[in-house]
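Colleague: Per our numbering, the first sequence runs over residues 1 to 820. For glycine and all other residues, C-beta sits at the position ideal for the given N, C-alpha and C.
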Amino acid sequence: MNKYNFKELEQKWSPMWEKWDLYKTGDDPGKSNFYCLDYFPYPSGAGLSVGHCRNYIPTDVICRKKRMDGHNVLHPMGWDAFGQPAEEYAIKTGMHPAEVTRINTQNYKRQMKLFEAGYDWDREINSSHPDYYRWTQYFFLLLFDRKLAYQSDNFQMYCPNCKIVLSNEESAGGICWRCSGEVIKKKLPQWYFKITDYADRLLDELDGLDWPENIKAMQRNWIGRSYGAEVVFTVDTENDGTIKLPVYTTRIDTIYGATFCVLAPEHPDLPGITTDKYKKDVEQYIKASGAKTDLERLVASEKGKTGIFTGAYAVNPFNGEKIPVWTADYVLAGYGTAAIMAVPAHDERDHAFAKKYDLPIIEVIAPGGAPQGVVEEATVADGELISSGQFTGLSSEESREVMAAHAKSNGFGKAETRYRIRDWLVSRQRYWGAPIPIIHCKKCGAVPDRDLPVVLPDVESYEPDDSGRSPLAACEDWVNTICPECGAPARRETSTMAGFACSSWYFLRFASPNCTDAPFDPEEVKKWLPVDLYVGGAEHAVMHLIYARFWTKVMFDAGMVDFTEPFTSLKNQGMLISYDHQKMSKSKGNVVTPDEMVVKYGADALRLYIVFMGPFEAEIEWSEDGLAGTYRFVKRIWNLFLDTAELEDTGTDEVFDKELRYELARTVKKVTEDVDTFQFNTGVAAMMEFLNFLSANRGKAGSVAESWRKVQKDFLELLAPIAPFVTEELWHILGFGSMEESVHTRKWPVWIEDDLVKDTVEIVVQIKGKIRDRIFVPAGASSEEIQKIALNREKIQDYLQGSVPRRVIVVPGRLVNIIA
RNA sequence: GCCGGAGUGGCGGAAUGGCAGACGCGACGGACUCAAAAUCCGUUACCUUUCGAGGUGUGAGGGUUCAAGUCCCUCCUCCGGUACCA
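1) Return the Cβ separation of tyrosine 534 and leucine 206 in integer angstroms, given the expectation that the two are a contact with Cβ distance under 8 Å.
2) Does the separation of the CB atoms of methionine 613 and leucine 606 fall below 8 Å?
3) What's the gap between the Cα of leucine 734 and the Cα of asparagine 221?
4) Return the first residue and the last residue of the beta strand (DSSP E) that arginine 774 is part of.
5) Applying the 10 Å Cβ sphere with the 16-neighbour rule, what's the burial state of asparagine 692?
6) Should the segment 431 to 451 be called in touch with the segment 414 to 421, which here means at least 3 C-beta pairs below 8 Å?
7) Count the C-beta pairs between the segment 254 to 264 and the segment 334 to 341 that are closer than 8 Å, then say yes if the count reaches three, no if not.
8) Within the same chain, show all residues whose beta-carbon is closer than 6 Å to that of glycine 602, passing over the 5 residues directly before and after it, in chain order.
9) Could you compute how far the alpha carbon of asparagine 214 sits from the alpha carbon of arginine 661?
10) Got a sec? Which residues, its chain only, sit under 7 Å from glutamate 565 by beta carbon, not counting five neighbours each side?
11) Give the secondary structure of isoleucine 361 by DSSP, where H, G and I count as helix, E and B as strand, and everything else as coil.
12) Provide the residue span of the alpha helix (DSSP H) that contains phenylalanine 40, from first to last.
13) Please classify lysine 187: does DSSP put it in a helix, a strand, or coil?
14) Would you identify the three-state DSSP class for glutamine 573, choosing helix, strand or coil?
15) Threshold first: 4 residues or longer. Then list the alpha helix (DSSP H) segments lying entirely within the segment 709 to 775, N to C.
16) Roughly how many whole angstroms lie between the Cα atoms of tyrosine 150 and alanine 501?
17) Should phenylalanine 725 go down as buried or exposed, given a rule of 16 or more other Cβ atoms within 10 Å for buried?
18) For glutamate 821, which option in Tyr609, Gly47, Thr59, Pro43 has the closest C-alpha, if you only look at C-alpha atoms?
19) Any idea if arginine 806 is buried or exposed, counting beta-carbon neighbours within 10 angstroms, 16 or more meaning buried?
20) Report the residue from Ile819, Ala779, Arg814 whose alpha carbon sits nearest the alpha carbon of leucine 791.
21) Taking 8 Å as the threshold, find out whether the segment 451 to 461 comes into contact with the segment 427 to 435 through three or more Cβ pairs.
22) Distance check for glutamate 363 and lysine 303, CA to CA, integer angstroms please.
23) How would you write the range of the alpha helix (DSSP H) that phenylalanine 556 sits in, first residue to last?
24) According to the neighbour-count rule (16 or more other Cβ atoms, all chains shown, within 10 Å of its Cβ), is serine 723 buried or exposed?
25) Is the segment 608 to 623 touching the segment 693 to 713 in the sense that three or more CB pairs, one from each, lie closer than 8 Å?
26) So, helix, strand or coil for cysteine 515, using DSSP?
27) Within 10 angstroms of its Cβ, does glutamine 882 collect 16 or more other Cβ (buried), or is it exposed?
28) Relative to the C-alpha of serine 427, which residue among Arg469, Arg134, Leu815, His129 is closest?
29) Over what stretch of residues does the beta strand (DSSP E) that includes threonine 470 continue unbroken?
30) Taking the beta strand (DSSP E) that histidine 71 belongs to, which residues open and close that run?
31) Would you kindly report the start and end of the unbroken alpha helix (DSSP H) that includes cysteine 483?
32) Taking the straight line between their C-alpha atoms, what separation do you get for leucine 298 and glycine 393?
33) Using alpha carbons as the reference points, say which of Ala618, Thr667, Lys700, Ala665 lies closest to threonine 650.
34) Would you check whether the ligand ATP has a heavy atom nearer than 7 Å to the C-beta of phenylalanine 690?
35) Determine the DSSP secondary structure at methionine 497, reduced to helix, strand or coil.
36) What are the partner residues of serine 427, as DSSP defines its beta bridges?
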């Protein structure tokens, strides 16, 4: 008998399938379309680990099944090639980033082919290629034309380690997303996209998406919509007359409890408000907090908040009270109006501050009508308003509406919705990115350069520095140009776009990757988009996924696409932990590569193990012993199927035939449902159970020759998407198709519902919930019949000892529970 | 703190409110072998046992139900996210 040799099978079938164009995007007008997308990777020098396989293998399995189900399938792959990593690697090695990218993508592609991830390589795209990035630039201009791109020289997040400015999303928690180092604030002129204009839609349209709850929650959290009110306090200053001091609050219902105001140290009106007597101290405080990073401020504040009195007093427009104005760095410059009214009775932070500096605490909210006392701690719950003038007696909820309206009609405030999300800082003073297609003209200002692509020029050195200058600035020939509008000498914008710009529309490019006169062919996009299934890691929850949704909505508004959400269904594969209980990483030296595993166990065993190791979304630890287990499974299939390839007809065993057909139907049903719902682990387990059953009954194969052959065929077709090589080989050896056919182009097997009907079923008999007996009854038996059989059992009679059951519960097909 | 998710054998994990631990790994015993590997067969939650079986058991404690890993309440632990957002 033939020995199982995975290497031979891989070398035989891989080229054959390529010749047959197995993974080419379908275009049969009679079939429905299915677009499955993997997050396109940045091709790093480290190559793929088995962790990446948890993304690419399951999507490949889904696509193979979808093809067998009769869909046209689009499953493309491309490269997120622009960005920091390629540039850093290039600087380190002295190679050009384009060359680095070329080498790495080749390696990725080779590895993907090792485990036979079936992509349509005719549609491969590379975001650093001018044919691609000219359209990234096109979209920049679309945003610019729609007034959604602007320049500003506010404070930015800046990573001193990476020497790069970061968007808010990239610096969440004050930590650089790439190097995990602490970020600082720096003032540099930068380009922004006005994603805040889309905050409401980005939030509201999450609801309908088939996405993991945690990702949706993270986006909601990030957008952070809060309903509140702006109230204008007034301050009579020593030198600048009366100035208005708007504050933002979500608890206008507590305004009668406001006992002081606090301004962020960065507040522009702070110097004007401060009285001469306190000027020196306040200036010193501003300087001290300016020197701290946000993270340092937070850490320091845990030990106790700091702040200083300005000497000024603000008037609360609701009750005319004069309350002191302080500055403290627990109030943030970037949110709301950078000024708050402090209500120590009903806000924990204000309470802590009031206690430290001995400021008054006035209770104005009584939950359930009962004052809680606020000397020890703040009462943050809603309740009934007390000591609140004309609003006394209202509930927090109604008063928030009434008081905002009152403020509005009296001209000192209004209801206002605020968001946490900030505009997207998109420009980078980096070489390896898509140049921003803008020309700066002294007369015309920022003028779009519509002569695309604006090609990234070759430069001598692209090392970034702290100057805030792009390496492109040194390229005088390129920088100096003429204004497209007035023809006067002008200079090009030297910043490039962040990598996330490139990945904000790539899913559209795959529909028509070679389109030359537009970013995409609208007809093709209509055919394929939105993406039916998008799979990748959870790390892009508030970066790529929010940016891509934003661009899609802009395109919708521009009439370019007819959908507002790019990804209908999203799934995140779980992380793969290495054998040393740590995250796999090159620096820890614990990376397991598909290369070594394919050499040792073959692609089929690796693919099986990756989907069998546990639930798709779960974080799982790598176990080579587990892989050895799926390798044994493949060998057992091989041996059993060849062993029973030629059957000697020994006369029909009707009983076993029925049993076999039942097991087959059960397995087909289970595997079909499990693959469709990403429960590959239990699907594979069902196939293993079935194989165990076949193996235990191999001696009877000759007595059910016809069914056995059907079983073999269906089994191979069920397993084909997960283990493509061994199934293809056995399918041919067993003669289920000619040499020109493939098991992978077969129709997915169907189960026969009638075969699932059993003649007799086993029923558990419980007495007070404890199992005491098992009975076999005809499948269609009624509750009465089942009850009768159960009660007549000798064993049950013994337990009952003549007593009459009070109640008997019968669940047909499952159990009988006797309550004695 | 807040948001999201999860707690089941030695391990990864299965279980439409209806037989807890499928399937796999590991371990143990056996067959084959001069021996080993490979392969095949068996055992494998815990306690008690007269070997028939009996009892206990899904993070803890309550509850609903004939019946709870699953539903409800209170709490604990872990993972992920976020955090002075007024």
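Modeller: Per the coordinate set shown:
1) Contact between tyrosine 534 and leucine 206 is absent: CB atoms are separated by about 14 Å, not below the 8 Å threshold.
2) no
3) 57 Å
4) 770 to 778
5) exposed
6) No, because fewer than three Cβ pairs between the segment 431 to 451 and the segment 414 to 421 fall closer than 8 Å, the two stretches do not touch.
7) yes
8) Phe6
9) 42 Å
10) Excluding residues within five positions, the ones whose Cβ falls inside 7 Å are Glu205, Leu209, Pro530, Arg549, Thr552.
11) coil
12) Here phenylalanine 40 belongs to no alpha helix (DSSP H), and DSSP marks it neither H nor E.
13) strand
14) coil
15) 724 to 733
16) Between tyrosine 150 and alanine 501, the C-alpha separation is close to 15 Å.
17) buried
18) Since the first residue of the chain shown is 1 and the last is 820, residue 821 is not available in this structure.
19) exposed
20) Ile819
21) yes
22) 26 Å
23) 544 to 557
24) The sequence given here places alanine at residue 723; serine does not occur at that position. Flag for alanine 723 reads buried.
25) no
26) coil
27) A query on residue 882 cannot be resolved here, the shown segment of the chain reaching from 1 to 820 and no further.
28) Arg469
29) Checking the sequence, you will find serine at residue 470 rather than threonine. It is not in any beta strand (DSSP E) - serine 470 carries neither H nor E in the DSSP assignment.
30) 71 to 74
31) Careful: cysteine 483 lies outside any alpha helix (DSSP H) and carries neither H nor E.
32) 37 Å
33) Nearest to threonine 650 by C-alpha distance, out of Ala618, Thr667, Lys700, Ala665, is Lys700.
34) With respect to the ligand ATP, the structure shown offers nothing to examine, as it has no ligands at all.
35) strand
36) Met497
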